[in-house]
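Right, one structure below, let's go through it.
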Amino acid sequence: MENAAIIGVGMTRIEANKIRDTFADLAWEAVNKALDDAGMNMDDIDNIVTTSNDFWDGRTISCMAVSDASGAYDKNVSCVEGDGTFGAFYGLIRILSGSYGTTLVTAHSKGSEGISSLITNATFDPIYERALGLDMITGCAMQAGAFMHRTGTTAEQLAMVSVKNHGNARHNPLAQLPMDLTIDDVLNSEMIADPLHKLDCSPVSDGCCAMIIANEERAFQYKRDPVWIKGVAFCSDTYFLGDRDLSQARSLTEAARKAFAMAGIGNPANDIDVMELYDAFTYQELMWLEAMGISADGQAGRDLEEGRFAIDGDLPVNPSGGLLSGHPVIAAGLIRIGEVVKQLRGEAGQYQVKGAQRGVAQGVNGRCGQSHCVWVLDKNK
Amino acid sequence: MEDIFEGIEPMVYQSRINIPYNWWAGDTASKFLLAIRDERKILGTKCDSCNRVFVPPRKTCPTCFTDNQEWVNVSDVGILEAFTVARRQLAALPGKVPICFGLIKLEGADTALLHYLGEVDPGDIKIGMRVQARFAEERQGKITDIAYFRPI
Chain A
7 MENAAIIGVG MTRIEANKIR DTFADLAWEA VNKALDDAGM NMDDIDNIVT TSNDFWDGRT
67 ISCMAVSDAS GAYDKNVSCV EGDGTFGAFY GLIRILSGSY GTTLVTAHSK GSEGISSLIT
127 NATFDPIYER ALGLDMITGC AMQAGAFMHR TGTTAEQLAM VSVKNHGNAR HNPLAQLPMD
187 LTIDDVLNSE MIADPLHKLD CSPVSDGCCA MIIANEERAF QYKRDPVWIK GVAFCSDTYF
247 LGDRDLSQAR SLTEAARKAF AMAGIGNPAN DIDVMELYDA FTYQELMWLE AMGISADGQA
307 GRDLEEGRFA IDGDLPVNPS GGLLSGHPVI AAGLIRIGEV VKQLRGEAGQ YQVKGAQRGV
367 AQGVNGRCGQ SHCVWVLDKN K
Chain B
10 MEDIFEGIEP MVYQSRINIP YNWWAGDTAS KFLLAIRDER KILGTKCDSC NRVFVPPRKT
70 CPTCFTDNQE WVNVSDVGIL EAFTVARRQL AALPGKVPIC FGLIKLEGAD TALLHYLGEV
130 DPGDIKIGMR VQARFAEERQ GKITDIAYFR PI
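Residue numbers (the numbering used here), protein chains in the order written: chain A, 7 to 387; chain B, 10 to 161.
So, in structure tokens, the structure goes:
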């Protein structure tokens, strides 16, 4: 893959209800932050990829809520429906095509404006499934139970993910839910759908992230040291939950394998300094770590107990607080990438992982981790 | 910098998207649903390439990209592969909690069917349980013509 880099990042705070901000306001804030960060103006942006979902926004061609605020007039603008990691993937390949030197990628949602249960129920097949009334929480709860059953991962180990991530969020000024929790706090929180307690689940949030990707030549023309994209891959599993072994994330294993190979990572557990993963639920952080080969199968809980993934551990995972501490869907994965960029630039302030040179961001699309997109970023070219 | 909007109440506009849809179920789903409605039989389709039997049935094998030509009967008995119990009254739920959902791999099928569990205490549900379909008395050609699966 030819060299390409991330040269600008801008994010809004993640909040439960950004009542003063429309989608356009969020994009305006994030995009301007990204441009300022990069030392660029809108004329330097060759094309734009927005990421949003029509159901979440309550309008079709949902790109158009943010297009003006993203500087799309007179430019090639396209929308990716899905997680921000996939939007960024599209933005990257537009650069790799040779047609564009810089791409502005945005991703937004305001979970506060709709009813997430009804929206995510609509992901279920209308003929075979939807009437049953499942949503993202009940679907993922089934996966959590299957994962715990197969691997022996315990409720306490899941709770530890929540304790770690909410704890990390105390040092992230953009996080929605910094919290000082104990394992018992999590286990005593309301059971939403067995085995997921309230504190095992991410909140439904509002937020927007913008990022500027450039080819090698353009990457050196602006203010920042580029953060290099060393490997990217995405892989999709089957749609119907019953077609797969829900306790395994096969498509993540494949995406990680490809992305790591592209980046020349031979030993992921040792070669990676920081990870920002898609922890929509506590069990997912553990399941994704195992699928990516960071932990042996069934051992992520134990590795977590041993402090391996703590901010001062061998391989900090979600030092930003992750999605458990604030989850604007769609923006979620782009924020993961943005947080890794901050770490590699040494700009994560009080949640900085010391000496981070190489990081991994991961995002999910679809139900129960159907599709995964893995990014490997490096401070060094 | 002064906030020109300070003191101005943010207006919230309430609306609703209410769009009726008429989805054509397709030949495959129609045959499946009619067999349940009229004969209380559960059918699957088989891929010639990987030999997997899909329930609910699919016209195209999701892994092999082939036509699934063959129809097979599957049992109304199967094993529970995954489950959850909804405890909070989430908006999408059609009734009062607790509601038990499960993925049931019926004998003869290679994929699991998503459905309800009934006639069981939520605390007693275990992965690996044997369950059997209970058909609704009045059936309309919908997935809810199976009322739920119960332990046997």
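Glycine is no exception: its CB is placed at the ideal position from the N, C-alpha and C atoms.
Nearest residue (CA-CA) to residue i, options the options
i: L193 (chain A); options: A:V37, A:S168, A:C215 and A:M217; result: A:S168
i: L112 (chain B); options: B:E18, B:G132 and B:M138; result: B:M138
i: G16 (chain A); options: A:H333, A:V111, A:Q363 and A:E87; result: A:V111
i: D309 (chain A); options: A:K170, A:C207 and A:G352; result: A:K170
i: T120 (chain B); options: A:Y245, A:L258 and A:E353; result: A:Y245
i: I161 (chain B); options: B:D133, B:E146, B:A145 and B:I26; result: B:D133
i: H203 (chain A); options: A:P232, A:Q182, A:D279 and A:A165; result: A:A165
i: A137 (chain A); options: B:K151, B:P131, B:R97 and B:D130; result: B:K151
i: M197 (chain A); options: B:P107, B:R46, B:I51 and B:A118; result: B:P107
i: G88 (chain A); options: A:S68, A:N127 and A:Q305; result: A:S68
i: T160 (chain A); options: A:A113, A:D212 and A:M293; result: A:M293
i: R100 (chain A); options: A:F29, A:N53 and A:I125; result: A:N53
i: G127 (chain B); options: B:Y157, B:A145 and B:E147; result: B:Y157
i: G307 (chain A); options: A:F61, A:R263 and A:E162; result: A:E162
i: N127 (chain A); options: A:R176, A:P201, A:I219 and A:I143; result: A:I143
i: T28 (chain A); options: A:P179, A:N386 and A:S115; result: A:S115
i: M48 (chain A); options: A:W62, A:D63 and A:K81; result: A:K81
i: A337 (chain A); options: A:A78, A:Y79 and A:F92; result: A:F92
i: D283 (chain A); options: A:Q305, A:E311 and A:F315; result: A small correction: the amino acid at residue 283 (chain A) is Leu; Asp does not occupy that position in the sequence shown. Closest option to L283 (chain A), Cα to Cα, is A:F315.
Chain D within 7 Å of residue i, Cβ atoms only
i: D42 (chain A); result: Any reference to chain D falls outside this structure, whose protein chains are A and B.
Residue i versus residue j - alpha carbon distance
i: V72 (chain A); j: E8 (chain A); result: 30 Å
i: L43 (chain B); j: C56 (chain B); result: 21 Å
i: F95 (chain A); j: G344 (chain A); result: 13 Å
i: T66 (chain A); j: F153 (chain A); result: 36 Å
i: K135 (chain B); j: Q141 (chain B); result: 14 Å
i: Q254 (chain A); j: T288 (chain A); result: 15 Å
i: T157 (chain A); j: E116 (chain B); result: 25 Å
i: S58 (chain B); j: T75 (chain B); result: 7 Å
i: V210 (chain A); j: D47 (chain B); result: 43 Å
i: A118 (chain B); j: D154 (chain B); result: 19 Å
i: G332 (chain A); j: R351 (chain A); result: 23 Å
i: L252 (chain A); j: D12 (chain B); result: 50 Å
i: R256 (chain A); j: A262 (chain A); result: 10 Å
i: E296 (chain A); j: N27 (chain B); result: 42 Å
i: M281 (chain A); j: D50 (chain A); result: 30 Å
i: R176 (chain A); j: T93 (chain B); result: 32 Å
i: L123 (chain B); j: D231 (chain A); result: 50 Å
i: V346 (chain A); j: S195 (chain A); result: 31 Å
i: Q349 (chain A); j: A362 (chain A); result: 6 Å
i: S118 (chain A); j: R26 (chain A); result: 12 Å
Boundaries of the beta strand (DSSP E) in which residue i is found, first to last residue
i: P160 (chain B); result: I155 to P160
i: W80 (chain B); result: E79 to V83
i: M268 (chain A); result: Premise fails: M268 (chain A) lies in the alpha helix (DSSP H), R256 to M268, not in any beta strand (DSSP E).
i: D384 (chain A); result: S377 to D384
i: T93 (chain B); result: V86 to A95
i: W294 (chain A); result: Run containing W294 (chain A): none in the beta strand (DSSP E); it sits in the alpha helix (DSSP H), T288 to A297.
i: L126 (chain B); result: L122 to L126
i: A142 (chain B); result: R139 to F144
i: A11 (chain A); result: A10 to M17
i: N276 (chain A); result: Careful: N276 (chain A) lies outside any beta strand (DSSP E), inside the alpha helix (DSSP H) at P274 to D277.
i: F95 (chain A); result: Run containing F95 (chain A): none in the beta strand (DSSP E); it sits in the alpha helix (DSSP H), G90 to L102.
i: A316 (chain A); result: Note, A316 (chain A): premise wrong, no beta strand (DSSP E); not H, not E.
i: T66 (chain A); result: Per DSSP, T66 (chain A) belongs to no beta strand (DSSP E) and is neither H nor E.
i: V129 (chain B); result: Looking at the DSSP string, V129 (chain B) is not in any beta strand (DSSP E), and its letter there is neither H nor E.
i: L247 (chain A); result: Here L247 (chain A) belongs to no beta strand (DSSP E), and DSSP marks it neither H nor E.
Terminal residues of the alpha helix (DSSP H) in which residue i lies
i: I143 (chain A); result: M142 to T157
i: L41 (chain A); result: F29 to A44
i: W62 (chain A); result: D60 to D63
i: E282 (chain A); result: Counting along the chain, E282 (chain A) falls outside any alpha helix (DSSP H), though it belongs to the beta strand (DSSP E) covering V280 to E282.
i: N127 (chain A); result: S122 to N127
i: F41 (chain B); result: G35 to E48
i: A225 (chain A); result: E222 to A225
i: L310 (chain A); result: A306 to E311
Residue i Cβ short of 6 Å to the ligand GDP heavy atom set
i: N386 (chain A); result: Only the bare structure without any ligand can be found here, which leaves the ligand GDP out of the picture.
Worksheet entry | Sequence ranges, beta strand (DSSP E) only - wholly within the stretch 329-373 of chain A, length at least 3 | Counting only unbroken stretches of 3 or more residues, the beta strand (DSSP E) elements lying wholly within the stretch 329-373 of chain A are 364-371, in sequence order.
Contact between the stretch 273-281 of chain A and the stretch 293-305 of chain A is defined here as three or more beta-carbon pairs at a separation below 8 Å; is this criterion met? A contact is defined here as three or more CB-CB pairs under 8 Å, and the stretch 273-281 of chain A meets this definition with respect to the stretch 293-305 of chain A.
Quick check on the DSSP output: what are the complete beta strand (DSSP E) runs of length 3 or more inside the stretch 153-217 of chain A, in order along the chain? Within the stretch 153-217 of chain A, the complete beta strand (DSSP E) runs of at least 3 residues are 197-199.
Are the stretch 221-228 of chain A and the stretch 82-90 of chain B in contact at 8 Å, needing three or more beta carbon pairs?
The stretch 82-90 of chain B and the stretch 221-228 of chain A do not touch, with fewer than three beta-carbon pairs separated by less than 8 Å.
- Task: Could you tell me whether the stretch 15-28 of chain B touches the stretch 354-366 of chain A, where touching means 3 or more Cβ pairs closer than 8 Å?
- Result: Under the 8 Å Cβ criterion, the stretch 15-28 of chain B does not count as touching the stretch 354-366 of chain A, having fewer than three qualifying pairs.
Given 8 Å as the limit, is there contact between the stretch 26-39 of chain B and the stretch 128-136 of chain A, that is, 3 or more CB pairs closer than that?
-> A contact is defined here as three or more CB-CB pairs under 8 Å, and the stretch 26-39 of chain B meets this definition with respect to the stretch 128-136 of chain A.
I'd like to know if the stretch 41-55 of chain A and the stretch 310-328 of chain A are in contact, where contact means that at least 3 CB-CB pairs between them fall below 8 Å. No, because fewer than three Cβ pairs between the stretch 41-55 of chain A and the stretch 310-328 of chain A fall closer than 8 Å, the two stretches do not touch.
Should the stretch 228-243 of chain A be called in touch with the stretch 372-380 of chain A, which here means at least 3 C-beta pairs below 8 Å?
-> At 8 Å Cβ cutoff, the stretches touch.
- Task: Could you pull out every unbroken beta strand (DSSP E) segment of at least 3 residues lying fully inside the stretch 94-119 of chain B, listed in chain order?
- Result: Qualifying beta strand (DSSP E) stretches, in chain order: 108-115.
Open item on the list: For the pair the stretch 141-155 of chain A and the stretch 90-109 of chain A, tell me if three or more CB-CB distances fall below 8 Å.
Closed with: They do not touch, by the three-pair rule.
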